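Enquirer: Have a look at this one.
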Amino acid sequence: MNTTRLVLIAALAAAFPAHALDVEAITGKPTAGNPQLGNRQAWPDLVGDEYFPKATWPKARLLIWPHAGRSFGRGEPKPDPLDPASWIDAATGQPADTAPDMNTDLLLPDADKPYRVTLKGQKNRACRHLTVGRNAVFEPGGGGSLAVFGNVWIRPGGTLYVYRTLKLAGGRNTFFRNDWPADGNLRKLHDTGAIVTFDPADPRKPNPWSWRTNRTPSVCHFFQHDKPEATTEFIGYSSSRDEVRVIAGTLIVGRDSRFLCGGAAMLDIAKGAAVALMDGAMTGKTVNQFGTCCRLSGGSISAGLRDRPIKRDARLGLGYSNWMNLTFPDQKKSRRGNSYDYGRFSATLSGRLVAYPVKGSDARLVIGWQRISAGGGGRGVNKTDGFNRTFAKLLPKITIWVSPDTRIANVRFEDLHRGGIIMPDVAAATRWKNITFGKGCLSRDVKELLREYEGKMNRGRPVDKLKPDRREYVTP
């Protein structure tokens, strides 16, 4: 290490003394890198079939933020999180001398007072295990992304927000834990399936699932899961503010947990990738929007897994569009089509939609309305009083495109309008196994719920717009 570097580290140590840092006490608590899975108080809901406890990790460097609970005023020297010397190496108790990388664990300790660690700039960054302690805010900002190759544990009262893309990567099974807020309100809404309504007299009424109302669950703007042959299990409630892409591997939403996609975006599951929802789990959107909420392109959405069968339903929630062919006032028209047009799909599904129930159980993968009307038509509409009042008349019924090669088993569809399942060949539905149609469907007759598409196709998807050519398709 050169002389200039030594002088700099010494100067930083003098400006930001870390003499009070008790490394042993900090690392003795359960963390992402040392979760202490046998501690039932820290992990009361583990049942033993999870994958991440079986993962083994080689010893790695652990960097601790030594300024927990400190805020820095205007004009006061501030430690730069991009400078390795601002972190303490847990192995030596001394300032670190190299920047974090994919083999480095980061720990922001619990604190009695709020504090913030912000990474500025455009550079993409990486770490292995990440622990964000109570009262800590960790913000990888700017245009750069954060790739995490290990576990993530956002302790109660802590906050993680990646301003660009949070990418989960690596070849090991991991967890992403962000417990439900302590007041219990969101957990109660989840457990009871409560409806978040749209009020035309108050269209900006707070939506409890939105980051604008509760920022703690919102962990990133964009989200990617890219872990071939590996899994990440989400525990508690987390959401993005925009697009979610499951590129490879399996994203598991743990028991009684929720993972949502925000904004005018979709949950996008690529070929070979998978989302698995455990007992009582749900995925979907934080708001309603006209248009596609979920695109399954040769991947899989399942309730449970072959070796982790479920005893209770799990839910894929979708928004709804203008299936009633209402006329919305005060809207601009585009030659390429409008988000409020008739015939928009809530989801396009090609791949596998299956549930793995315990023997003797009737637990299912439920595909239906997400029970959130807040947001209205979403992006692409002029949200005037006239629009809002018309939207309030639109019943929450979903419209889905299902490719004929899609394997469907042990699924219950809910909240379908007549003709709500569109296929290029409705005869393919005879190959579905153990399918039922539940509450909210405008018919229980499968022939009334299926609609055959006769237009042009491109790469297995419809090109021509649907037309409201039968009255029963647009009436309650």
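Numbered per this note's numbering, the sequence shown finishes at 510, counting up by one with no gaps. Virtual Cβ for every residue (Gly too), placed ideally from N, Cα, C. Computed from a predicted structure; not experimentally measured.
1. DSSP beta-bridge partners for Ser334?
2. Identify the residues that DSSP records as bridge partners of Asp123: which are they?
3. Give the C-beta separation of Ala264 and Gly288 to the nearest angstrom, bearing in mind that I take them to be a contact with Cβ-Cβ under 8 Å.
4. For Pro510, which residues in the same chain have their Cβ closer than 7 Å to its Cβ, ignoring the five residues on either side in sequence?
5. List the whole-angstrom C-beta distance separating Phe471 from Leu450, where the pair is believed to meet the contact cut-off of C-beta under 8 Å.
6. To which residues does DSSP link Tyr374 through a beta bridge?
7. Along the beta strand (DSSP E) that carries Arg275, what are the first and last residues, could you check?
8. What would DSSP say about Tyr354, mapped onto helix, strand or coil?
9. Closest to Trp435 by CA distance: which of Lys473, Gly385 and Glu173 is it?
10. For Gly127, collect the residues of the same chain with a Cβ closer than 7 Å to its Cβ; drop the 5 residues on either side in sequence, then sort them by chain order.
11. Suppose you measure from the CA of Lys367 to the CA of Val388; what does that come to, to the nearest Å?
12. Could you tell me which whole beta strand (DSSP E) segments of length 3 or greater appear in the region 187 to 257?
13. How long is the line joining the alpha carbons of Met457 and Arg159, rounded to whole angstroms?
14. Candidates Glu482, Arg279, Arg441 and Asn68: which alpha carbon is nearest Ile455's?
15. Just reading off the beta strand (DSSP E) that Asn468 is part of, what are its end residues?
16. Looking only at DSSP bridge pairs, what is Lys319 linked to?
17. Using the Cα positions of Ala44 and Trp403, report the straight-line distance between them to the nearest angstrom.
18. Apart from the five residues just before and just after Ser273, which ones in its own chain have a Cβ nearer than 6 Å to its Cβ?
19. CB Ala66 to CB Val186, shorter than 8 Å?
20. For the region 416 to 488, which segments carrying the alpha helix (DSSP H) assignment without a break, of at least 4 residues, lie completely within its bounds, in sequence order?
21. Quick one: using the 10 Å Cβ neighbour count with 16 as the cut-off for buried, is Val497 buried or exposed?
22. Span of the beta strand (DSSP E) holding Ala160?
23. Note the first and the last residue of the continuous alpha helix (DSSP H) segment covering Val57.
24. For the beta strand (DSSP E) containing Ile406, list its first residue and its last residue.
25. Within 10 angstroms of its Cβ, does Gln258 collect 16 or more other Cβ (buried), or is it exposed?
26. How would you call Ser105, buried or exposed, if buried means at least 16 neighbouring beta carbons within 10 angstroms?
27. Counting pairs of Cβ atoms below 8 Å between the region 320 to 336 and the region 229 to 249, do you hit three or more?
Expert: Considering the structure as presented:
1. Counted from its first residue, the sequence shown places residue 334 at position 300. In the DSSP assignment, Ser334 is bridged to Ala308 and Arg386.
2. For the purposes of this step, residue 123 is taken as residue 89 along the sequence shown, with counting starting at 1. Looking at the DSSP assignment, Asp123 forms a beta bridge with Leu97 and Gln128.
3. Your numbering for residue 264 matches position 230 in the sequence shown. Your numbering for residue 288 matches position 254 in the sequence shown. Contact flag wrong, Cβ pair sits at about 16 Å.
4. Working through the sequence shown from its first residue, we reach residue 510 at position 476. Cβ neighbours of Pro510 beyond the five flanking positions: Leu429 and Leu476.
5. Within the sequence shown, the letter at position 437 stands for residue 471. Within the sequence shown, the letter at position 416 stands for residue 450. Phe471 to Leu450, Cβ: 7 Å. Contact.
6. Position 340 of the sequence shown, counting from 1, holds the residue named residue 374. Note: Tyr374 sits in no beta bridge, so no partner.
7. Start at 1 with the first residue of the sequence shown, and residue 275 comes out as number 241. Per DSSP, Arg275 belongs to no beta strand (DSSP E) and is neither H nor E.
8. Here residue 354 corresponds to residue number 320 of the sequence shown, with the count starting at 1. In this structure, Tyr354 counts as coil in the three-state DSSP scheme.
9. Position 401 of the sequence shown, counted from the start, is the residue given in the question as residue 435. Comparing Cα-Cα distances from Trp435 to each of Lys473, Gly385 and Glu173, the minimum goes to Gly385.
10. Walking along the sequence shown from the start, residue 127 turns up at place 93. Val57.
11. The residue given as residue 367 occupies position 333 in the sequence shown. The residue given as residue 388 occupies position 354 in the sequence shown. When rounded, the distance between both Cα atoms is 40 Å.
12. With a minimum length of 3 residues, the continuous beta strand (DSSP E) runs that stay inside the region 187 to 257 are 196 to 203 and 208 to 212.
13. As a working mapping, residue 457 is identified with position 423 in the sequence shown. As a working mapping, residue 159 is identified with position 125 in the sequence shown. Going from the Cα of Met457 to the Cα of Arg159 covers about 43 Å.
14. Taking the first residue of the sequence shown as 1, we reach residue 455 at position 421. The shortest C-alpha separation from Ile455 is found at Glu482.
15. Within the sequence shown, numbered from 1, the residue matching residue 468 stands at position 434. Where Asn468 is concerned, the enclosing beta strand (DSSP E) stretches over Lys467 to Phe471.
16. For the purposes of this step, residue 319 is identified with residue 285 of the sequence shown, where counting begins at 1. Answer is Cys295.
17. By one-based count along the sequence shown, residue 44 stands at place 10. By one-based count along the sequence shown, residue 403 stands at place 369. In this prediction, Ala44 has a pLDDT of 45, which is less than 50 and means its spatial position is unreliable; nothing more can be read from the coordinates.
18. Taking the sequence shown and counting its residues from 1, one reaches residue 273 at position 239. Excluding positions up to five away in sequence, the list reads Pro251, Ser252, Leu294, Gly296 and Thr320.
19. Indexing the sequence shown from 1 puts residue 66 at position 32. Indexing the sequence shown from 1 puts residue 186 at position 152. Their beta carbons are under 8 Å apart, which means Ala66 touches Val186 by this criterion.
20. 419 to 425 and 480 to 483
21. Taking the sequence shown and counting its residues from 1, one reaches residue 497 at position 463. Exposed: under 16 other Cβ atoms inside 10 Å.
22. The residue given as residue 160 occupies position 126 in the sequence shown. That run of the beta strand (DSSP E) goes Arg159 to Cys161.
23. The residue labelled residue 57 in the question sits at position 23 within the sequence shown. Start and end: Val57 to Gly62.
24. In the sequence shown, residue 406 corresponds to position 372, counting from 1. Where Ile406 is concerned, there is no enclosing beta strand (DSSP E), given that its DSSP letter is neither H nor E.
25. Taking the first residue of the sequence shown as 1, we reach residue 258 at position 224. It counts as buried.
26. Taking the first residue of the sequence shown as position 1, residue 105 is located at position 71. Looking at its Cβ environment, which holds fewer than 16 other Cβ atoms inside 10 Å, Ser105 is exposed.
27. yes
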